[in-house]
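Taken in order, the sequence shown gives residues 9 to 462; the numbers are from this note's numbering.
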Amino acid sequence: MSKPISTATLQAYDRDHIWHPFTQMREWEASEPPVIVRGEGCWLVDSEGIRLLDGVGSLWTNVHGHAVPEINAAIKDQLDRIEHSTLLGLTNEKAALLAKRLADLAPTGLTRVFYSDNGSTAVEIGIKMAFQYWQHRGRPEKQRFISFKNAYHGDTLGAVSVGGIDTFHAVFRPLLFRTIQAPSPYCYRCESCVERDHTRCDLQCLQELERLMEAHAGETAGLVIEPLVQGAGGMIVQPPGFLKRVRELCSRHEILMVADEVAVGFGRTGTMFACQQEAVTPDIMALSKGITGGYLPLAATLATEEVYGAFLGEYRELKTFFHGHTFTGNPLGCAAALASLDLFESTQLLESLPQKIAYLGSRLTELSHRPHVGDVRQSGMIGGIELVRDKDSRDPYAWEERVGVQVCLEARKHGLFLRPLGNTIVVFPPLVISLDELAFLMDGIEQSIRSVCD
Ligand SMILES: *Cc1c(COP(=O)(O)O)cnc(C)c1O
Numbered sequence: 009m010s011k012p013i014s015t016a017t018l019q020a021y022d023r024d025h026i027w028h029p030f031t032q033m034r035e036w037e038a039s040e041p042p043v044i045v046r047g048e049g050c051w052l053v054d055s056e057g058i059r060l061l062d063g064v065g066s067l068w069t070n071v072h073g074h075a076v077p078e079i080n081a082a083i084k085d086q087l088d089r090i091e092h093s094t095l096l097g098l099t100n101e102k103a104a105l106l107a108k109r110l111a112d113l114a115p116t117g118l119t120r121v122f123y124s125d126n127g128s129t130a131v132e133i134g135i136k137m138a139f140q141y142w143q144h145r146g147r148p149e150k151q152r153f154i155s156f157k158n159a160y161h162g163d164t165l166g167a168v169s170v171g172g173i174d175t176f177h178a179v180f181r182p183l184l185f186r187t188i189q190a191p192s193p194y195c196y197r198c199e200s201c202v203e204r205d206h207t208r209c210d211l212q213c214l215q216e217l218e219r220l221m222e223a224h225a226g227e228t229a230g231l232v233i234e235p236l237v238q239g240a241g242g243m244i245v246q247p248p249g250f251l252k253r254v255r256e257l258c259s260r261h262e263i264l265m266v267a268d269e270v271a272v273g274f275g276r277t278g279t280m281f282a283c284q285q286e287a288v289t290p291d292i293m294a295l296s297k298g299i300t301g302g303y304l305p306l307a308a309t310l311a312t313e314e315v316y317g318a319f320l321g322e323y324r325e326l327k328t329f330f331h332g333h334t335f336t337g338n339p340l341g342c343a344a345a346l347a348s349l350d351l352f353e354s355t356q357l358l359e360s361l362p363q364k365i366a367y368l369g370s371r372l373t374e375l376s377h378r379p380h381v382g383d384v385r386q387s388g389m390i391g392g393i394e395l396v397r398d399k400d401s402r403d404p405y406a407w408e409e410r411v412g413v414q415v416c417l418e419a420r421k422h423g424l425f426l427r428p429l430g431n432t433i434v435v436f437p438p439l440v441i442s443l444d445e446l447a448f449l450m451d452g453i454e455q456s457i458r459s460v461c462d
C-alpha cells in the first residue's frame with residue numbers, strides 16, 4: 009500500500025490548484041482548511057482525525073447523514089450493474105422507478121419528471137419550459153418572468169437572471185435577461201421590518217406583487233419563487249398564507265408558477281415538499297440538493313400534465329423541448345435517491361422531525377435575547393441567526409467586518425462546521441441529527457457568538 013499523503017501536502021495541492029466557489033482566493037491561500045477524509049453520521053472527519061459536526065448539511069444537501077450503509081449499498085449495487093446510460097434514446101431502470109416515486113410524492117398534479125444534475129439547471133429548465141409553453145399555447149408575447157428581490161436560484165445565467173442578490177449578481181447584469189422584480193415579504197430589511205412590523209411588509213409586498221401582475225400579465229410567462237424560505241438570501245421566512253396567495257394570483261393572471269424547492273425540498277421544512285404546507289401545486293417544481301440524500305449530483309424539474317401536454321405534437325411542428333444534459337437520469341444518482349426515499353419511510357424521518365423542530369425553535373428563541381442577535385428565523389429544520397452590532401437600533405455590522413465568518417471559524421473550536429450567509433449564521437444540519445447532537449450544535453453556536461460578539 010502506498011504511504012498516506014500528509015495533510016500539509018494535500019493543503020498545498022489544494023492551494024496551488026483548486027479555485028474554490030464563492031471564495032476570495034487570496035484569503036483562502038493564507039488559510040489551512042481542514043481536509044475532510046471521512047464522514048460518520050452527522051460528523052465530518054478530517055485528515056488529522058478531528059471531528060466536526062456538519063451544521064450546514066454539506067451545503068444544505070445532507071438528509072440521512074454521511075456514509076449511510078443503506079445508501080452506500082444501493083450505490084454499490086447499482087455500480088455493479090451499470091454506472092451510466094443515456095436517456096437520449098433509452099431509459100433506465102432506476103430513472104423510471106424514481107420518476108414514478110417522485111410523481112407519487114410531489115404535490116398532486118406534478119406528474120412529469122425532467123432530469124438534470126444540479127439545482128441551477130433544474131431552474132433553467134423550469135424557465136425554458138414556461139417560456140416555450142406559451143409559445144405553443146399561441147401566446148408568444150408572454151415572455152417575461154417575475155422574480156423576487158433577494159432571491160437565489162443558482163449561478164448559471166438564466167438562474168442568475170431571476171436572482172435578486174446584488175452582491176452575487178450585479179456584476180453579471182449585462183449578460184442577463186431582465187425580469188419584473190417583486191419585493192420579498194418579511195424581508196427583515198425594509199422600514200416596516202426594521203420596526204418589526206413584518207405584517208405590514210407582507211401586506212405591502214402582496215399589494216405590489218398584485219399590481220405588477222395586473223400590469224404585466226399579458227407579457228409574463230412565469231413567476232419563479234423559493235417556497236416558504238428564501239435560502240441564500242439569508243434564510244428569510246415567508247409569512248403563512250403568502251405562497252397560497254401567490255398561487256392564486258398566478259392562476260388568476262395566467263402566469264406559470266415555478267417553485268424552486270432545491271433547498272427546501274425533501275423534508276427540510278417539516279413536510280416532504282414546502283409547497284405541501286400550503287396545499288399548493290406549482291405548475292413547475294425544481295428539485296436537487298436533498299434529492300439523493302446529499303450523495304450525488306442529481307436534479308429533477310417536475311411539471312403538470314397541462315405544461316407537458318403543450319409540448320406534444322408532430323415532430324415537424326417543432327414542439328419538442330430541445331434541452332438535455334449528458335448525465336441526465338444517471339442511474340447511480342437515481343439509485344441513491346431511491347435509497348434515500350426508502351429511508352424516509354423506514355426510519356419515519358418526517359414523523360421524527362416535530363420534536364427536533366420544536367427544540368431548535370426553543371434554542372433560537374433563547375438566542376434571540378442575546379445582545380448581538382437581531383432577528384432569528386426558522387422554518388422546520390432551517391435556522392437563521394442574524395448578528396447585529398446594536399440590538400436596539402438594529403444597527404448592522406458592516407459587511408466587511410465579516411462577523412458571520414468569524415463566528416463560524418470560532419465554531420470550529422467547538423467542534424462545528426458552519427458556513428454563514430453574510431452576518432446570518434445558518435443552521436441546516438442533516439435531518440437525521442439527534443436531539444443530543446442538535447444541543448451540541450446550538451451550544452457551540454451560542455458560545456461562538458458570545459466569544460466573537462460580546
Ligand atoms: C442551491 C440552490 C440552487 C442552485 O443549486 P446548484 O446545485 O448549486 O446549482 C437553486 N435554488 C436554490 C433555492 C438553492 O438553494
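All residues carry an ideal CB built from backbone N, CA and C; glycine is no exception.
As the structure is a prediction and not an experimental result, all values here were calculated from the model.
CA nearest to the CA of residue i, picked from the options
i: Val489; options: Leu349, Phe176, Val288; result: This structure cannot speak to residue 489, because the chain is shown only from 9 to 462.
i: Val179; options: Gln238, Ile188, Leu165; result: Leu165
i: Ile263; options: Asp291, Val121, Val460; result: Asp291
i: Thr533; options: Arg181, Phe319, Leu306, Leu361; result: Since the first residue of the chain shown is 9 and the last is 462, residue 533 is not available in this structure.
i: Gly317; options: Gln19, Glu218, His144, Thr94; result: His144
i: Trp51; options: Val45, Ile44, Leu61; result: Leu61
i: Glu454; options: Asp398, Ile133, Arg371, Pro437; result: Arg371
i: Met293; options: Trp68, Leu439, Gly117; result: Gly117
i: Ile135; options: Gly321, Phe329, Glu409, Ser401; result: Phe329
i: Ile457; options: Ser401, Glu48, Arg410; result: Arg410
i: Tyr196; options: Met221, Ser66, Leu184, Gln238; result: Gln238
i: Gly452; options: Leu426, Gln19, Leu67, Pro438; result: Leu426
i: Thr277; options: Glu234, Ala308, Asp462; result: Glu234
i: Phe436; options: Gly63, Pro42, Asp54, Ser55; result: Gly63
i: Leu365; options: Gly275, Pro404, Gly341, Glu394; result: Before going further, note that residue 365 is Ile rather than Leu in the sequence given. Ranking Gly275, Pro404, Gly341, Glu394 by Cα distance to Ile365 puts Gly275 first.
i: Leu236; options: Gln363, Ala271, Ile13; result: Ala271
i: Glu5; options: Pro438, Thr309, Leu98; result: Because the chain in this structure spans residues 9 to 462, residue 5 falls outside the shown range and cannot be described.
i: Phe352; options: Gly241, Ile90, His377, Asn70; result: Asn70
i: Leu67; options: Glu445, Gln356, Tyr303; result: Tyr303
Cα-Cα separation between residue i and residue j, rounded to whole angstroms
i: Ser354; j: Ala347; result: 10 Å
i: Gln414; j: Val460; result: 7 Å
i: Glu313; j: Thr187; result: 26 Å
i: Tyr160; j: Lys11; result: 44 Å
i: Thr336; j: Ser124; result: 5 Å
i: Leu113; j: Met280; result: 8 Å
i: Leu95; j: Asp163; result: 25 Å
i: Asn431; j: Lys399; result: 14 Å
i: Ile441; j: Ile79; result: 17 Å
i: Arg34; j: His28; result: 11 Å
i: Gly226; j: Gln386; result: 36 Å
i: Ala107; j: Thr17; result: 43 Å
i: Trp407; j: Ser192; result: 21 Å
i: Cys283; j: Val381; result: 30 Å
i: Phe156; j: Gln189; result: 5 Å
i: Pro148; j: Val121; result: 25 Å
i: Ala81; j: Ile244; result: 37 Å
i: Thr15; j: Gly57; result: 11 Å
i: Phe176; j: Asn126; result: 19 Å
i: Thr207; j: Asp383; result: 15 Å
i: Gln212; j: Ser200; result: 9 Å
i: Leu361; j: Ala75; result: 21 Å
i: Asp268; j: Tyr21; result: 36 Å
i: Met137; j: Ala311; result: 9 Å
i: Glu203; j: Arg402; result: 9 Å
i: Tyr367; j: Cys258; result: 36 Å
i: Pro42; j: Pro428; result: 17 Å
i: Leu375; j: Leu110; result: 37 Å
i: Leu220; j: Tyr141; result: 21 Å
i: Arg89; j: Gly392; result: 43 Å
i: His331; j: Gln363; result: 43 Å
i: Tyr323; j: Ile299; result: 33 Å
For residue j and residue i, believed in contact at Cβ under 8 Å, the rounded distance
i: Gly301; j: His72; result: 5 Å
i: Leu424; j: Leu449; result: 6 Å
i: Arg59; j: Glu37; result: Not really, about 26 Å apart at Cβ, beyond 8 Å.
i: Lys102; j: Ala343; result: 5 Å
i: Ser55; j: Pro339; result: Contact doesn't hold; Cβ gap of about 32 Å is too wide.
i: Phe250; j: Asp205; result: Their Cβ separation, rounded to whole angstroms, is 16 Å, which puts Phe250 and Asp205 out of contact at 8 Å.
i: Asp462; j: Pro379; result: 7 Å
i: Ala467; j: Ala345; result: Residue 467 cannot be examined here, being either before or after the span of the chain that is shown, 9 to 462.
Cβ of residue i within 8 Å of any chain B Cβ
i: Gly73; result: The chain labelled as chain B is not found in the depicted structure, where only one protein chain is given.
*Are three or more beta carbon pairs between the segment 417-435 and the segment 215-230 nearer than 8 Å?*
No, they do not touch.
*the segment 170-177 contacting the segment 212-222, beta-carbon criterion three pairs below 8 Å*: no
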